[in-house]
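Down below is the structure, laid out as structure tokens.
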Amino acid sequence: MQLNRLAVYLEKLEKTSSRLEITRILTDLLKEAEASEIDKVVFLSLGILAPAYEGIILNLAEKMMIRAIAEAFNRDGTEVRSLYKQKGDLGNVAQKLNWKAEFKGKGLTVAEVYEKLVEIARDGGSGSQDRKIEKMGEILRKIDALSARFISRIPVGKLRLGFSEKTVLVALAAGDRKFGMEIERAYNIRPDIGYVAKLVKEGNLQKVKPKIGIPVVPMLAQRLNSPTEMVKKMGKVSVEPKFDGLRIFIHYKKEGNLVKIFTRNMNSIDIGTFPELLDVGKFIKADEAILDSEAIGVDPKREMFLDFQKTIQRRRKYEIEKNASEIPLQFQVFDMLLINGRSLMNEPYLKRREELKKIVVSGKLLRIDENTITDDPEVIKSLHQKYLKMGLEGVVVKRVSANYVSGRTGWNWVKMKEVEGKRGKLSDTLDCVVMGYTTGKGKRVGFGVGQFLAGIKDGDIFKTVTKVGTGLTDEQFRELRERLERLKTQNKPKEYEVSKDLAPDFWVTPKVVVELAADEITISPKHTAGLALRFPRLVRFRDDRSATDITTADELHDLFDLQKSSS
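Residue numbers (our numbering): 84 to 650.
Encoded structure:
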């Protein structure tokens, strides 16, 4: 496929906000793409080069792109900067300058441009900035004006056409709901949208299984506060402690002592961040395994678990040795997805637990969660109170016959997080994305943030659920401003659904995730989620979660229903 052909599709996508129309356009595009190039077509349409866990990022700042555009079209940097101020979009600048320039050559294919962009992303070391600019300029010189508009936006993360990988999955199914479920299941096992698109094109979806070094979309817990309801929906269950730590997937391969670590949102963590795991092979009796665990900070003096704020300090990229000695980690292992090349995802939970006990040497580094098998609601209630008194978050209840099913699907895992002594308060927190912010008045003028607009996810759309301006410390206000300043965007992101009277002073791209508490959820004609948080409060920043991993509209309504049933 020629790049200019892809650009025509991207322009169509840019001009529509209809979800159905976006899906239809993508379906047509994917049908036209060949199997040998469909992965590259998908990646460029999403404005990326690879799944996030691979870490292949162009890393060209706006200043570098201005230089690349100037070099491509033989313009002075001052002229390009001036045009950028006028248009507010580097893609439009590149298109305008390209339009004026005499276009020579036959143009490039999607595959050729993709490979050149990957080459730029992987270029490092001395003089790499100048080389990146030169190579980017070379690409822009060889493509048409419309293509230049979209390609120029990719390095600075501004392509955003209002759809995500989930929309691509729907488009790949081309209206076949059953086939769509098969595609989504494959993606959950191998969350590489380009790879899955290629398998669909080749008719090889059945080949998908977990692989060492590639994350799996995690299984997540639904919410229920009634043990009786849990037993009614799930039958016999395994009751386990709910820890407040970092969800960590440990990938181990004996050959070469390979250890890979992934977070809940499938980001790769450098093994040097968690040096404890360098010797994890000593505690795994297998050639290879994928373990699902919760990393908990431990106070070595008092031999007790630390809270989340302390634990997450281990994610820092500096003072690693100091943090490792002061906050040693214990990995509470509760599931296993792969053993010696054999997938366990379709095995029932109790079978996976049996395999786990055979493979993992439980001790100070890896510890298999204790569990109790029951179908008695009173036992669940008693264990919940026991774990709360131990300073944990209560219990997680798991259906003993459940397969490992990514996401919050069915009543397979349920968390019970009702907190004692907080009657009249919402029994659980929400993870929301910051969509924009308003400058403050009085003292807050100095912070640059008076309140922020927060939202939840509904498919590919972010919908508002509250504004937050209280409960933040001075330090949190300053930190929030610092985080959001880097994410400001001139126009409202296409995937945001916001009432006009809630529009903030500044829009930001959906990157900052915050955990919010509230007194209750109320029906709201103003907020686009249809529900709103009453008296919201910032609990903490969730650096371990991404915008794809926040509270969904379905979960918000489930919480609302739980609130009504317990009132």
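Ideal Cβ positions, reconstructed from N, Cα and C, are used throughout, including at glycine.
Between the CA atoms of Leu599 and Gly552 - distance to the nearest angstrom: Here the question's residue 552 lines up with position 469 in the sequence shown. Here the question's residue 599 lines up with position 516 in the sequence shown. If I take the Cα positions, the gap works out to 12 angstroms.
Since Glu371 is in the beta strand (DSSP E), which residue starts that stretch and which ends it? Taking the sequence shown and counting its residues from 1, the one referred to as residue 371 is at position 288. In this chain, the beta strand (DSSP E) harbouring Glu371 covers Glu371 to Asp382.
Starting from Glu100, follow the beta strand (DSSP E) in both directions and report where the run begins and ends. Position 17 of the sequence shown, counted from the first residue, corresponds to residue 100. According to the sequence provided, residue 100 is Ser. The question's Glu does not apply to it. No beta strand (DSSP E) contains Ser100, which DSSP labels as neither H nor E.
Mind checking whether Gly413 and Ile373 have CB atoms under 9 angstroms apart? To locate residue 413, count along the sequence shown from 1; it is residue 330. To locate residue 373, count along the sequence shown from 1; it is residue 290. At residue 413 the sequence reads Gln, which differs from the Gly that was named. No, they are not a contact pair.
Inter-residue spacing [alpha-carbon to alpha-carbon] between Leu621 and Thr522: Along the sequence shown, read from residue 1 onward, the residue named residue 621 stands at position 538. Along the sequence shown, read from residue 1 onward, the residue named residue 522 stands at position 439. Roughly 17 angstroms between the two C-alpha positions.
Got a sec? Which residues, its chain only, sit under 7 angstroms from Glu503 by beta carbon, not counting five neighbours each side? Taking the first residue of the sequence shown as position 1, residue 503 is located at position 420. Residue placement at Glu503 is poorly supported in this model, since its pLDDT is 40, which falls under 50; the coordinates are not used for a value here.
Starting from Leu563 and walking both ways along the alpha helix (DSSP H), at which residues does that stretch end? As a first step, residue 563 is located in the sequence shown; it is residue number 480 there, counting from the start. Counting along the chain, Leu563 sits inside the alpha helix (DSSP H) bounded by residues Asp557 to Glu568.
DSSP beta-bridge partners of Gln85: Reading the sequence shown from its first residue, position 2 is the one you call residue 85. According to DSSP, which records beta bridges pairwise, Gln85 is partnered with Thr192.
When Arg623, Pro293, His610 and Leu113 are compared against Leu585, the one with the closest alpha-carbon: Taking the first residue of the sequence shown as 1, we reach residue 585 at position 502. Here the closest residue by C-alpha is His610.
Could you tell me the boundaries of the beta strand (DSSP E) in which Val320 lies? Along the sequence shown, read from residue 1 onward, the residue named residue 320 stands at position 237. First-last of the beta strand (DSSP E) with Val320: Val320 to Pro324.
Once DSSP output is grouped into helix, strand and coil, what is the label at Val251? Along the sequence shown, read from residue 1 onward, the residue named residue 251 stands at position 168. Looking at Val251 - three-state DSSP - the assignment turns out to be helix.
Which word fits Gly507, buried or exposed, when buried means at least 16 other C-beta atoms lie within 10 angstroms of its C-beta? Indexing the sequence shown from 1 puts residue 507 at position 424. Bear in mind that a pLDDT of 41 at Gly507, under 50, signals an unreliable position, so the number given afterwards is only what the model happens to contain. With fewer than 16 other Cβ atoms within 10 Å, it is exposed.
Could you tell me the boundaries of the beta strand (DSSP E) in which His334 lies? Along the sequence shown, read from residue 1 onward, the residue named residue 334 stands at position 251. Segment Leu329 to Lys336, the beta strand (DSSP E) holding His334.
Tell me whether the stretch 454-472 and the stretch 321-330 touch, counting them as touching only if at least three CB pairs, one residue from each stretch, are closer than 8 angstroms. At 8 angstroms Cβ cutoff, the stretches touch.
Cβ shell of Asp592 (< 7 angstroms), same chain only, five flanking positions each side left out: Walking along the sequence shown from the start, residue 592 turns up at place 509. For clarity, residue 592 is Thr in the given sequence; the question names Asp instead. Cβ neighbours of Thr592 within its own chain (closer than 7 angstroms, five residues either side excluded): Leu570, Thr572 and Pro576.
Within the same chain, show all residues whose beta-carbon is closer than 7 angstroms to that of Ala369, passing over the 5 residues directly before and after it, in chain order. Here residue 369 refers to the residue found at position 286 when the sequence shown is read from its first residue. Around Ala369: Ile422, Asn423 and Ile442.
Kindly give me the distance between the Cβ atoms of Asp418 and Asp375, rounded to whole angstroms, as I take these residues to be in contact under 8 angstroms. The residue labelled residue 418 in the question sits at position 335 within the sequence shown. The residue labelled residue 375 in the question sits at position 292 within the sequence shown. The Cβ separation is near 4 angstroms, so the contact holds.
Which of the three DSSP states is assigned to Arg212 in this structure? The residue given as residue 212 occupies position 129 in the sequence shown. Looking at the sequence itself, residue 212 is Gln, so the reference to Arg does not match. In this structure, Gln212 counts as helix in the three-state DSSP scheme.
Beta strand (DSSP E) runs wholly inside the stretch 435-520, at least 3 long, in chain order: Every beta strand (DSSP E) of 3 residues or more that sits fully in the stretch 435-520 is shown, in chain order, as 449-451, 455-457, 478-482 and 496-499.
Rounded Cβ spacing between Val532 and Leu563 (contact assumed at less than 8 angstroms): Sequence index remark: in the sequence shown, residue 532 carries index 449 (1-based). Sequence index remark: in the sequence shown, residue 563 carries index 480 (1-based). Their Cβ separation, rounded to whole angstroms, is 5 angstroms, which keeps Val532 and Leu563 in contact under 8 angstroms.
With burial defined as no fewer than 16 other Cβ atoms inside 10 Å of the residue's Cβ, what is the status of Met317: buried or exposed? Start at 1 with the first residue of the sequence shown, and residue 317 comes out as number 234. Burial call: buried.
For Ile272 and Ala256, believed in contact at Cβ under 8 angstroms, the rounded distance: Stepping through the sequence shown from its first residue, residue 256 is reached at position 173. Stepping through the sequence shown from its first residue, residue 272 is reached at position 189. Wrong, their Cβ atoms sit about 17 angstroms apart, outside the cutoff.
Report all residues from its chain with a CB closer than 6 angstroms to the CB of Leu307; omit the five preceding and five following residues, and keep chain order. As a first step, residue 307 is located in the sequence shown; it is residue number 224 there, counting from the start. Here the set comprises Met313 and Val497.
Check this for me: beta carbons of Asp275 and Ala133, under 9 angstroms apart or not? The count along the sequence shown starts at 1 and reaches residue 275 at position 192. The count along the sequence shown starts at 1 and reaches residue 133 at position 50. In this structure, Ala133 lies closer than 9 angstroms to Asp275 by Cβ.
Quick check: the Cα distance between Val363 and Lys447, rounded to an integer number of angstroms? Against the sequence shown, residue 363 aligns to sequence position 280. Against the sequence shown, residue 447 aligns to sequence position 364. Cα to Cα, Val363 sits roughly 11 angstroms from Lys447.
Distance, Ile539 Cα to Met473 Cα: Here residue 473 corresponds to residue number 390 of the sequence shown, with the count starting at 1. Here residue 539 corresponds to residue number 456 of the sequence shown, with the count starting at 1. Rounded to whole angstroms, the separation of the alpha carbons of Ile539 and Met473 is 32 angstroms.
Could you say if the stretch 291-306 and the stretch 338-351 meet the contact criterion of at least three C-beta pairs nearer than 8 angstroms? Result yes; three or more Cβ-Cβ pairs closer than 8 angstroms.
Run the CB neighbour count on Pro293, radius 10 Å, all protein chains shown included, and call it buried at 16 or more, exposed below. Residue numbering aside, residue 293 sits at position 210 when the sequence shown is read from its first letter. With 16 or more other Cβ atoms within 10 Å, it is buried.
Helix, strand or coil: how does DSSP classify Phe362 here? Counting from one through the sequence shown, the residue named residue 362 turns up at place 279. Residue identity check: residue 362 is Asp in the sequence provided, not Phe. Note: Asp362 maps to helix in three-state DSSP.
Within 9 angstroms, strictly: CB atoms of Glu137 and Met84: Within the sequence shown, the letter at position 54 stands for residue 137. Within the sequence shown, the letter at position 1 stands for residue 84. Cβ distance not < 9 angstroms, so Glu137 and Met84 don't count as in contact.
Between the alpha carbons of Tyr432 and Pro238, how many angstroms are there, rounded? The count along the sequence shown starts at 1 and reaches residue 432 at position 349. The count along the sequence shown starts at 1 and reaches residue 238 at position 155. About 43 angstroms.
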